[in-house]
Structures are given as C-alpha cells and as structure tokens.
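Here's the structure we're looking at; comments come further down.
2 protein chains.
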Amino acid sequence: MRILVTGAAGMIGRKLTARLARDGALGGRPITALDLHDIVPAAAPDMPGVDIAVHTGDLAAPGAGESLLAGRPDMVFHLAGVVSGEAEANFDLGYRVNLDGTRALFDAIRLAGHAPRVVFTSSIAVFGAPFPDVIPDEFHLTPLTSYGTQKLVGEALLADYTRRGFLDGVGIRLPTICVRPGKPNKAASGFFSGIIREPLAGQEAILPVPRSVVHTHASPRSAVNFLIHAAEIDGAAVGPRRNLTMPGVAVSVGEQIEALERIAGAKAARLIREEHDETIWAIVKGWPTRFAARRARELGFKAEESFDEIIRAHIEDELGGKIPA
Amino acid sequence: MRILVTGAAGMIGRKLTARLARDGALGGRPITALDLHDIVPAAAPDMPGVDIAVHTGDLAAPGAGESLLAGRPDMVFHLAGVVSGEAEANFDLGYRVNLDGTRALFDAIRLAGHAPRVVFTSSIAVFGAPFPDVIPDEFHLTPLTSYGTQKLVGEALLADYTRRGFLDGVGIRLPTICVRPGKPNKAASGFFSGIIREPLAGQEAILPVPRSVVHTHASPRSAVNFLIHAAEIDGAAVGPRRNLTMPGVAVSVGEQIEALERIAGAKAARLIREEHDETIWAIVKGWPTRFAARRARELGFKAEESFDEIIRAHIEDELGGKIPA
Numbered sequence: 005m006r007i008l009v010t011g012a013a014g015m016i017g018r019k020l021t022a023r024l025a026r027d028g029a030l031g032g033r034p035i036t037a038l039d040l041h042d043i044v045p046a047a048a049p050d051m052p053g054v055d056i057a058v059h060t061g062d063l064a065a066p067g068a069g070e071s072l073l074a075g076r077p078d079m080v081f082h083l084a085g086v087v088s089g090e091a092e093a094n095f096d097l098g099y100r101v102n103l104d105g106t107r108a109l110f111d112a113i114r115l116a117g118h119a120p121r122v123v124f125t126s127s128i129a130v131f132g133a134p135f136p137d138v139i140p141d142e143f144h145l146t147p148l149t150s151y152g153t154q155k156l157v158g159e160a161l162l163a164d165y166t167r168r169g170f171l172d173g174v175g176i177r178l179p180t181i182c183v184r185p186g187k188p189n190k191a192a193s194g195f196f197s198g199i200i201r202e203p204l205a206g207q208e209a210i211l212p213v214p215r216s217v218v219h220t221h222a223s224p225r226s227a228v229n230f231l232i233h234a235a236e237i238d239g240a241a242v243g244p245r246r247n248l249t250m251p252g253v254a255v256s257v258g259e260q261i262e263a264l265e266r267i268a269g270a271k272a273a274r275l276i277r278e279e280h281d282e283t284i285w286a287i288v289k290g291w292p293t294r295f296a297a298r299r300a301r302e303l304g305f306k307a308e309e310s311f312d313e314i315i316r317a318h319i320e321d322e323l324g325g326k327i328p329a
Numbered sequence: 005m006r007i008l009v010t011g012a013a014g015m016i017g018r019k020l021t022a023r024l025a026r027d028g029a030l031g032g033r034p035i036t037a038l039d040l041h042d043i044v045p046a047a048a049p050d051m052p053g054v055d056i057a058v059h060t061g062d063l064a065a066p067g068a069g070e071s072l073l074a075g076r077p078d079m080v081f082h083l084a085g086v087v088s089g090e091a092e093a094n095f096d097l098g099y100r101v102n103l104d105g106t107r108a109l110f111d112a113i114r115l116a117g118h119a120p121r122v123v124f125t126s127s128i129a130v131f132g133a134p135f136p137d138v139i140p141d142e143f144h145l146t147p148l149t150s151y152g153t154q155k156l157v158g159e160a161l162l163a164d165y166t167r168r169g170f171l172d173g174v175g176i177r178l179p180t181i182c183v184r185p186g187k188p189n190k191a192a193s194g195f196f197s198g199i200i201r202e203p204l205a206g207q208e209a210i211l212p213v214p215r216s217v218v219h220t221h222a223s224p225r226s227a228v229n230f231l232i233h234a235a236e237i238d239g240a241a242v243g244p245r246r247n248l249t250m251p252g253v254a255v256s257v258g259e260q261i262e263a264l265e266r267i268a269g270a271k272a273a274r275l276i277r278e279e280h281d282e283t284i285w286a287i288v289k290g291w292p293t294r295f296a297a298r299r300a301r302e303l304g305f306k307a308e309e310s311f312d313e314i315i316r317a318h319i320e321d322e323l324g325g326k327i328p329a
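Chains as they are written, first to last, in our numbering: chain E, 5 to 329; chain L, 5 to 329.
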C-alpha cells in the first residue's frame with residue numbers, strides 16, 4: 005500500500021514514519037510506497053524496496069494537493085499544521101496553512117476519486133471555556149483560539165467529505181502531547197513538556213501558569229498509537245461522527261511535578277522556576293481540562309493510565325531508558 | 005447609520021429591508037444609507053433621503069467584499085446563501101457561496117478595520133442526529149448536510165473574527181421559517197410551509213415525510229425580529245459564544261395540520277396529499293426536532309408560542325388578514 009504523510013518532518017510525523025518503517029505494514033498490508041510531505045524536507049527512513057518520495061512546499065499552493073495525490077495513496081495521514089501560538093500570532097499564516105492547506109488537500113483527495121482513509125489530527129483546542137468538570141463527547145465546539153477554529157473547520161470538512169464519499173475520514177482530537185522531545189516549539193502548551201524534559205536533562209524549566217492548572221496529556225508514543233489505530237479502524241464502527249476526542253491522563257501541573265519528583269528526585273523538581281506569562285496564561289485558561297473520551301475508548305483507542313507512565317515512556321523512547329546523571 | 009444587507013433579494017432579506025424602511029432607524033440611530041446585495045438586483049425600498057445602493061454579484065468573486073465595504077457600513081446583515089437542497093445537489097456551488105462567500109465577506113470586513121456588528125444567519129442544520137429529546141445550547145455540532153457544514157464553518161469564523169476584534173458578530177441559528185410566502189424554493193424544508201400555504205390558497209400540497217416528524221418553526225415575522233434584536237443586542241451580554249440557537253414552536257407535522265384545520269377548516273386540510281419522497285426524507289430525518297434555546301430566550305429573542313399563531317401571522321402578513329374564499 006501507498007501512504008502519504010503530511011507534516012512528516014514534525015515531531016509526530018517523524019515518529020509515525022519511524023513506526024511505519026519498523027512495522028513495514030499497515031492494517032495487515034505491506035507498505036510499498038511512502039510519500040512524505042512538509043515545508044522542509046522530511047528525513048526518509050530506511051525501508052529497502054519501498055518507493056519513498058520526499059515532497060516539500062505549501063499545501064495551499066495551486067497544484068500542491070494534486071501533485072501529492074498523483075500516486076493515489078491508499079492512506080493519508082494529515083498532520084501538517086501551524087501550532088497554536090503561531091496561529092494566534094500570525095493570523096494569515098494560520099488560516100492559510102491550517103484551513104486553506106487542509107481544504108486544498110481534502111479537495112485534491114476528492115478529485116482523485118478513490119476515497120482513501122484520511123486520518124486528520126485535530127485538537128482539544130476545538131473546545132472553549134467554560135467547561136463542565138468532565139467534557140462529554142457531545143459537548144459543543146466553541147474554540148477560543150484561531151488554531152482551534154481552524155481545526156474545527158478541518159473536522160467539519162472531514163465529516164462532510166466522508167459523508168459524501170469523497171474520502172473515508174477519521175479525525176482524532178489529540179490531547180496535549182507530553183513529553184515532547186527536542187527543543188521547545190511555539191505551541192502555547194510547550195511548557196507542559198518543558199517542565200519535565202528540561203529537568204530530566206539537568207536544565208532549568210520555566211512554568212508560566214499556576215500549578216493548579218489541570219490538563220490532559222498523552223505521550224508521543226500514544227499519539228502514534230492513536231494514528232495507527234485510526235488508520236486501521238473499521239469506518240462503519242465509527243459511524244457518521246468522524247471526529248473523536250482521544251483519551252489521556254488528566255493531571256494538574258502540581259501532580260506532573262510530583263510525578264517528576266517520584267521518578268527523578270527532588271533535585272530535578274527544583275529546576276522548575278515559576279515565572280508567570282500573561283500571554284500563555286490567557287490561552288491556557290481557555291483550554292479544557294478533563295474528557296470523558298467514551299467513544300474513543302469504546303473504539304479501542306488507548307493512552308497511558310498515569311503521568312508517571314508518561315514520564316517513563318519519555319525516558320525509554322528518548323533517553324535510552326536512563327535518566328542522565 | 006449605514007446598513008449592508010447580503011441576500012437582500014431573498015424572502016428574509018426583502019422582509020428585513022421592508023422593516024428597516026418602516027422603522028427608519030436601528031438601535032435608536034436613523035438609517036442614512038442602505039446597501040442591498042444579492043446575485044439578482046434587490047428591490048430598493050421607498051426611503052426618502054436615504055442613500056440606497058443595489059449591488060449584484062458573487063460575494064466570493066475577487067474584490068466583491070471590498071467593494072461592499074467601501075462605504076464602511078455600521079451594521080452588516082449577512083443573509084446570503086444557497087439553500088440546503090441546492091447545497092446538497094451542487095457541491096461546488098454550495099461551498100463557493102456559503103463558505104467562500106461568507107469568508108470573503110468577513111475578510112473584507114476585517115480589512116476595512118472598523119469592526120461593525122455583523123448578524124449572520126446560521127441554521128439548526130449545524131446539528132445532526134442522533135439527538136436527545138430537547139437539544140441543549142451546549143450540544144455538539146455534527147451536521148449531516150453540506151449546508152449545515154458550511155453554516156458551521158461560518159459560525160466558527162464569526163466567533164474567531166469577533167474574538168480577534170475584526171468584527172462584532174452575532175450568529176443566529178434560525179429554525180425552519182414557516183410559513184414561507186411565495187413559491188416553493190429548493191430547500192428540503194419547503195414542504196413545512198407548503199402544507200399550510202397552498203391549502204390556505206385553495207391549492208393542493210404535497211407532504212413528502214411522515215406526519216410524526218417533529219420540527220421547530222418560527223414565522224418570517226419572528227425571523228426579522230430575531231435579526232433586529234441581534235443587531236441591537238449588547239455584545240458583552242452575549243459573551244464569547246456568539247452563535248445562538250433561536251427559539252421556536254416545536255410541533256409534529258400532524259399538529260401543523262390540526263392547527264390548519266382549526267383555522268381554515270377540514271376542507272383546507274384535505275388538500276394535503278401524502279407522497280413520500282426518499283431524498284427529502286433522507287435529509288429531514290437527520291434534522292433536529294426540539295431545542296432548549298435557553299440562552300437566546302434569556303437574551304430576549306422571542307418567537308411564537310403556538311403553531312396557530314404562526315398560521316395567523318401568515319394570514320395577517322401575506323393574505324391581508326383573510327383566508328381567500
């Protein structure tokens with residue numbers, strides 16, 4: 005089977021690509037071709053005998069979608085997007101990439117005419133405060149960021165294009181992915197990872213919001229598991245409501261820090277410096293906290309059970325299983 | 005004040021224009037200029053001393069929005085749109101008019117920079133089955149038509165553009181407007197009016213769905229009242245959730261027919277012929293039935309209290325107060 009991944013050079017894109025390379029198959033079918041797309045060249049994995057093409061460019065540019073669909077991929081993972089902080093700071097860029105780019109890709113798939121499975125990474129940013137204690141699957145969508153608005157539009161198009169038979173979409177609303185490896189990005193949620201990742205590496209981390217903030221997390225490993233499960237799931241079982249809130253671990257920032265202390269000691273936790281940032285706080289306080297995620301759990305999507313488990317996944321996957329001395 | 009009305013040649017647009025002409029003012033400010041836009045020329049009302057301009061064209065065409073905003077209207081009523089049946093039959097037309105046209109207008113307003121109140125007519129088609137008995141204001145948005153999808157996108161843009169200060173939007177989700185005067189249009193909901201309007205005029209009407217179908221209605225008169233109230237309401241009282249489900253009268257088709265019989269006699273009711281239409285039924289069965297509409301009621305939006313009242317409004321407003329012999 006041929007697989008197209010957009011946003012392939014991003015953190016999740018790289019991990020998904022590595023997983024596909026490791027598995028060599030998806031849904032029981034061997035992978036014969038892989039198209040990797042991003043605005044910068046994605047690294048091609050080592051997959052002997054697989055036809056790998058690296059594409060670069062702006063998805064919203066004329067002809068970009070058509071060119072990516074030329075090989076008629078059986079499976080499309082649409083991960084490309086500008087992150088929340090950037091979409092808020094740059095109105096035009098956010099709408100162009102997250103809305104126009106997504107629509108252009110979906111239209112190219114529609115015009116290709118073979119209705120492949122399309123896994124779309126949406127976000128819990130489609131929800132907006134005020135919230136009930138636990139957000140049910142039927143809760144309304146009132147985003148409080150441009151990023152959340154753009155993801156909501158992507159979800160709406162995905163569902164309508166699926167209903168019309170143009171594609172076979174599954175939208176997965178990712179909770180905050182934590183612990184993100186590598187350097188901080190411009191996402192307003194970046195500190196949730198920073199306060200774990202930096203201390204584990206012996207570095208200081210800034211906490212820009214109160215310790216009482218409750219948030220739902222899943223590891224990068226779980227995010228890839230969600231994507232693979234969304235690719236393999238029976239569309240009929242999902243039904244017409246194609247956008248699913250993924251499960252995760254709901255904890256306060258204080259509980260995150262306690263988990264860090266349990267695993268890496270008090271010295272690590274002392275590397276977190278509280279420095280309130282009004283801009284980040286203004287975004288974060290509009291975010292949801294806990295989700296029922298009942299449908300996703302019933303459909304077999306699985307996340308970690310505790311934040312300790314999330315930290316251990318980071319240590320295993322990024323630090324070779326050991327906390328640096 | 006200068007007012008811009010898109011979709012001014014449509015049924016609601018004409019009634020809104022007539023109301024504005026009659027009132028001569030909006031929110032206590034005299035109307036000094038009126039821009040009427042539609043794809044066909046809207047009839048200019050008789051308003052001495054008011055600068056009336058009739059504009060025609062495709063809102064999504066390059067420069068169309070900018071040209072409409074040249075006069076910097078203080079108030080924009082965005083009613084333009086392709087109806088549900090047409091948006092379902094013609095994918096490209098629906099997306100072009102309902103999504104691209106709306107976005108082009110909102111972007112022209114954004115670029116004009118004076119952040120006028122924008123009243124956007126959305127629809128209860130943003131909801132999709134299955135439903136609870138009464139749909140709360142917090143119910144999720146899972147449209148089952150392209151029309152509903154396009155309205156959902158319009159709502160999302162309206163809320164985000166309001167949050168960013170580009171405009172001051174109020175989206176009103178209209179229930180089915182009944183009794184629509186004039187000829188049937190291509191809306192899948194057309195029969196809800198037809199089964200009242202045609203018999204009152206001594207004509208046969210087709211009922212394409214079962215009598216048990218429950219649906220929420222408001223008169224054209226109420227629709228205009230909603231628009232005026234949405235134009236005048238304090239934005240701070242609405243808060244960030246700018247899209248409101250309007251109140252209405254929830255009745256079954258059978259109850260509609262009983263009301264007709266009470267007001268116009270058994271002879272009128274006998275003019276309704278049941279002829280099942282699978283295409284219309286497929287759309288209608290995905291539609292919502294009853295709404296709480298709690299926020300809209302609290303914010304002062306008012307509809308009729310009974311379907312009898314809706315029929316009487318039609319007789320008063322369209323038939324000169326009398327049922328033709």
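We treat Cβ as the ideally placed atom computed from N, Cα and C, and that holds for glycine.
CA nearest to the CA of L:Ile128, picked from L:Arg107, L:Met5 and L:Ser150: L:Ser150
Interface residues of chain L facing E:Pro244 [CB-CB closer than 8 Å]: Gly132, Thr146 and Leu148
Those residues which DSSP pairs with E:Leu248 across a bridge: E:Ile176
Chain E contact residues for L:Val86, given Cβ-Cβ distances below 8 Å: Under the 8 Å cutoff, chain E gives no residues; its nearest Cβ is about 14 Å from L:Val86.
Sequence-distant residues of the same chain with beta carbon closer than 7 Å to E:Arg225, five excluded per side: Ala317 and Asp321
DSSP-derived helix/strand/coil call for L:His233: helix
Neighbour list for E:Thr153 in chain L, Cβ cutoff strictly below 8 Å: Ala160, Leu161, Ala163 and Asp164
Three-state secondary structure (DSSP) of E:Val255: strand
C-beta atoms of E:Leu204 and E:Ile314 nearer than 8 Å: no
E:Arg334, enclosing beta strand (DSSP E) - first and last residue: Residue 334 of chain E lies beyond the stretch modelled for chain E, which goes from 5 to 329, so this question has no answer here.
8 Å Cβ cutoff, L:Val157 in contact with chain E: yes
Under the three-state DSSP convention, the category E:Ile276 falls into: strand
Proximity winner among E:Ile232, E:Tyr99, E:Ser71 and E:Pro179, relative to L:Val157 (alpha-carbon distances): E:Tyr99
Interface residues of the segment 61-94 of chain E facing chain L [CB-CB below 7 Å]: none
Touch test, the segment 112-127 of chain E against the segment 206-219 of chain E, Cβ-Cβ under 8 Å, three pairs minimum: no
Cβ-based burial, E:Ser310 [other Cβ within 10 Å; buried from 16]: exposed
Chain E within 8 Å of L:Arg177, Cβ atoms only: no
Segment contact flag, the segment 116-130 of chain L with the segment 178-190 of chain L, C-beta cutoff 8 Å, min 3 pairs: yes
Minimum length 4: unbroken alpha helix (DSSP H) runs contained in the segment 124-202 of chain E: 150-167
L:Arg76 versus E:Pro45 - alpha carbon distance: 45 Å
Chain-ordered chain E contacts of L:Phe295 [CB-CB under 7 Å]: Simply none; closest approach about 13 Å.
Contact with chain L by E:Glu265, beta-carbon distance below 8 Å: no
C-alpha gap between E:Val228 and L:Gly14, whole angstroms: 50 Å
Short Cβ contact (8 Å threshold) for L:Leu145 with L:Ala133: no
7 Å Cβ shell around E:Pro292 - same chain, five flanking residues per side excluded: Ile128, Phe131, Phe135 and Ile139
Residues from the segment 265-282 of chain E in contact with chain L, defined by Cβ distance under 7 Å: none
Residue closest to E:Arg23, alpha-carbon to alpha-carbon, out of E:Asp50, E:Ile43 and E:His41: E:Asp50
E:Gln154 classed as buried or exposed, judged by whether at least 16 other C-beta atoms fall within 10 angstroms: buried
Test item: CB-CB of E:Asp39 and E:Ala84 under 8 Å: no
Cutoff 8 Å: E:Phe124 Cβ touching any chain L Cβ: no
Under 7 Å from the C-beta of E:Glu142: neighbouring residues of chain L: Phe143 and His144
Per DSSP, the bridge partner or partners of E:Leu42: The question names Leu, but residue 42 of chain E in the sequence shown is Asp. Note: E:Asp42 sits in a beta bridge opposite E:Thr60.
E:Arg299 vs E:Leu248 beta-carbon contact at 8 Å: yes
Boundaries (first-last residue) of the beta strand (DSSP E) holding E:Ile7: Arg6 to Thr10
Heavy atom of the ligand PLP within 7 Å of L:Asp42 beta-carbon: Only the bare structure without any ligand can be found here, which leaves the ligand PLP out of the picture.
Short CB-CB distance (under 8 Å) between L:Arg351 and chain E: Since the displayed chain L opens at 5 and closes at 329, residue 351 of chain L lies outside it and no answer follows.
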